[in-house]
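In my numbering, the protein residues as written are 35 to 544. Where is the CB? At the ideal position from N, CA and C, for every residue including glycine. Below: one structure, written as structure tokens.
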RNA sequence: GGCGAGUUGGCGGAGUGGUGACGCAGCGGAUUGCAAAUCCGUGUACAGGAGUUCGAUUCUCCUACUCGCCUCCA
């Protein structure tokens, strides 16, 4: 059995993974706050954990892994959206509108993550379904002297937990010196954080011993992981921006509520995602959602492949060049594995994955399998990281169109050209075919025509807009030119390819 | 200011105390009427400095640079 090694943020070391209970390996991933579409960065930990879960199931057995990922459906941004909808005259109570908003966002999230080939977790708890448990946890923490109520709030006392700051390598003193904490008169220590806060009448709230209120941000993960996985479990993770304060606070809450449990053994944090070398942000204009990419016609499998090309602990740069390369590779591999039955998983792939989820190394091994022509091994091994699976391959199939009439016509012209040595007519037809998105292969044996995948005008337009003109004027011009040509039907796009074929038939098949 | 990550050939990106992945691009060749596709071949890369060592890209320290987090954004 492959020994799995993972980098544990808690110890800052690469450690052999030893499950608490090999018959039930338990992991928890901090899921989304469901206020809007998931952006591309949200998808990274999901894909990382999906690979991890596949590996764990492979090693410990499909039924011996429990994967939990929450939906945080209590949040001020959700409230704000619901409030603005109500103000705009939407029907229903505020609670209804909040529910509507979270339901619709969860639906989007599922659709988007499904498209990336990420299997749904075993449990997807919603924070609102665990309010009672959160209140109980707050009461327990107060009883144990780790929290206190003040002005309708319940606050966690960081001074009551000596290891506070250990995960993120900070000390309470340093953080106070940084002075980036909310100062509030009811806090005993400026670093104390909110477990429960009061709600006004316009905000969603639940009755509690401290009045009507709602939970703070961190308590839901502590409450839900306890309910579903117990006081201690194997792996807990998320993006490294969650390390502080979110995970730090979770640890403090959970460890104080359940002394001696240790909470999560291994903390797994993925690095952030960048776009074309820059942080993805709305102000830079390079902010986009998973759905934006899917709508441009970029297959989820391609997005996944790009993600896996970079180790999860390194910043990942999303670039157009990577997208193209990933798509090309997947097409090649899909052609190779088409119709093949999965064989056995390559030990080299397994060994790469076991080494701190070295997906880039695993992909390198897949390249070797492909080069060796081992379709069965490639298919089985790729499935370990969620690639080349039948369910995700639709995008790589090209439409079945009978091109034999075109091939015959070209063959006739070519046969004549062979005699006259004047190939102008052949070249002209070939050029037209290529422009229409048909690949032309001529050999002594004959002529082979193949419909090539072509981009949609929307995708090309998106690319020309995505380019920062100052940085990449040539690129931007290239894509806008291409879009123009597509519109003018001088170049095939998904939308106009049928028309172009029609025109070619008119020209050459009469 | 505090904390952390990183710096590998044209590009992307693994890995290793001593025979320098892998992919893409490039170049050369085969093939082709020319191409495309395919196949074969091809690369004096490890930010800088000091140290440890028989030997370091790989370990330690320092410097430079890049990036992220500390703002309920994964």
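Specify the secondary structure class of residue 453 as computed by DSSP and reduced to three states. helix
How many Å lie between residue 184 and residue 220 at the Cα? 6 Å
Classify residue 372: buried if its beta carbon has 16 or more other beta carbons within 10 angstroms, exposed otherwise. exposed
From the DSSP output, in three-state form, read off residue 553 for me. Coverage of the chain is limited to positions 35 through 544, which leaves residue 553 absent and any answer about it impossible.
With 16 as the cutoff for other CB atoms within 10 Å, does residue 381 come out buried or exposed? exposed
What distance in whole Å lies between the Cβ atoms of residue 104 and residue 254, which are believed to be in contact at a cut-off of 8 Å? With a Cβ gap of about 7 Å, residue 254 and residue 104 count as contacting.
Beta carbon of residue 244, beta carbon of residue 188: below 7 Å? yes
Cutoff 6 Å; reference residue 282; Cβ partners in own chain excluding five residues on either side: 201 and 202
Quick one: what's got a C-beta closer than 6 Å to residue 442's C-beta in the same chain, skipping five residues either side? none
Let me know the secondary structure DSSP gives residue 98 once reduced to three states. helix
With which residues is residue 427 paired in a DSSP beta bridge? Answer is none; residue 427 lacks a bridge partner.
Quick one: is residue 534 buried, meaning 16 or more other Cβ sit within 10 Å of its Cβ, or exposed? buried
How many angstroms separate the CA atom of residue 268 from the CA atom of residue 45? 14 Å
Using 10 angstroms around the beta-carbon of residue 436, count the other beta-carbons present and answer buried if the total reaches 16, otherwise exposed. exposed
Helix, strand or coil: which one does DSSP assign to residue 176? helix
Would DSSP call residue 484 helix, strand or coil? strand
Sub-7 Å separation of residue 360 and residue 171 beta-carbons: No, they are not a contact pair.
Could you pull the start and end residues of the beta strand (DSSP E) that residue 188 belongs to? Per DSSP, residue 188 belongs to the beta strand (DSSP E) from 187 to 190.
Does residue 154 come out as helix, strand or coil in the three-state DSSP assignment? coil
Between residue 161 and residue 127, is the Cβ-Cβ spacing less than 7 Å? Result no, Cβ atoms of residue 161 and residue 127 do not sit closer than 7 Å.
Restricting to Cα atoms, I'd like to know which of 484, 78 and 287 is closest to residue 343. 78
Kindly provide the ranges of any beta strand (DSSP E) runs that are 3 or more residues long and lie completely inside the segment 69 to 146, ordered along the chain. 99 to 103
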